[in-house]
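Residue numbers (this note's numbering): 7 to 211.
Cβ atoms here follow ideal geometry from the backbone N, Cα and C, with glycine treated the same way.
Working notes, beginning with the structure itself.
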């Protein structure tokens, strides 16, 4: 999955460099995935004990003068290069925080500790948020610095940025950018790869 995620990111002409954050126990494996040519664009750094610490490690490795930073989850390894470009263009237009999202198609219920429904949000205003999530370097660094100081936890970087009072823009996401977290997800990923390879050989999917 990581190799495929790298292929997608490196295929985006708007991405200048990639900082690959990996656990200390897997640094060698991560570096072994890279070709000699890719090592000029990709740097592998060790992650931290917590997600926020890992992002800060990645930020510290970003080149001086970099204005925008995207944070991507390798588990969304089918996210197409066009999605990265979409997020970057929104940042270049003046937005300080941009995330891709797709409309929620299921009815969502809010429940209490006993499983009783307390609210039914209007799904027309809901979006399932994906990665890559893009930010100005200054905004993302400050959000994670505050999170470390206060112990604030969040499920994504956008939530940390929101806690600093920065408005986050949602751009159209991609169904292909779904997160692979279960055995069924992995089976679908393998099916997609097989279909793509057969298609590239003219054998159909």
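Since residue i sits in a beta bridge, which residues does DSSP pair it with?
i	result
residue 107	135, 178
residue 125	116
residue 200	According to DSSP, residue 200 bridges with nothing at all.
residue 49	25
residue 141	75, 103
Which residue marks the beginning of the alpha helix (DSSP H) containing residue i, and which one marks its end?
i	result
residue 70	Note, residue 70: premise wrong, no alpha helix (DSSP H); not H, not E.
residue 21	Counting along the chain, residue 21 falls outside any alpha helix (DSSP H), and DSSP gives it neither H nor E.
residue 32	Segment: none, residue 32 is in no alpha helix (DSSP H) and carries neither H nor E.
residue 186	Per DSSP, residue 186 belongs to no alpha helix (DSSP H) and is neither H nor E.
residue 93	87-98
residue 158	No alpha helix (DSSP H) holds residue 158; DSSP gives it neither H nor E.
residue 164	163-168
residue 12	8-16
Is the Cβ-Cβ distance between residue i and residue j less than 7 Å?
i	j	result
residue 80	residue 11	yes
residue 77	residue 139	yes
residue 179	residue 116	no
residue 75	residue 177	no
residue 40	residue 48	yes
residue 71	residue 25	no
residue 58	residue 193	no
residue 52	residue 66	no
residue 145	residue 110	no
residue 142	residue 98	no
Since residue i is in the beta strand (DSSP E), which residue starts that stretch and which ends it?
i	result
residue 25	24-28
Checklist entry - Is there contact between the region 177-188 and the region 80-88, where contact requires at least three CB pairs shorter than 8 Å? => result Of all C-beta pairs linking the region 177-188 to the region 80-88, three or more are shorter than 8 Å, placing the two stretches in contact.
Checklist entry - Between the region 91-102 and the region 31-45, do three or more beta carbon pairs fall short of 8 Å? => result Judged by pairs of C-beta atoms under 8 Å, the region 91-102 does not touch the region 31-45, as fewer than three such pairs exist.
Next on the checklist: Quick test of the definition: if touching needs 3 or more C-beta pairs under 8 Å, does the region 121-129 touch the region 161-172?
Outcome noted: The region 121-129 makes no contact with the region 161-172, as fewer than three CB pairs between them are under 8 Å.
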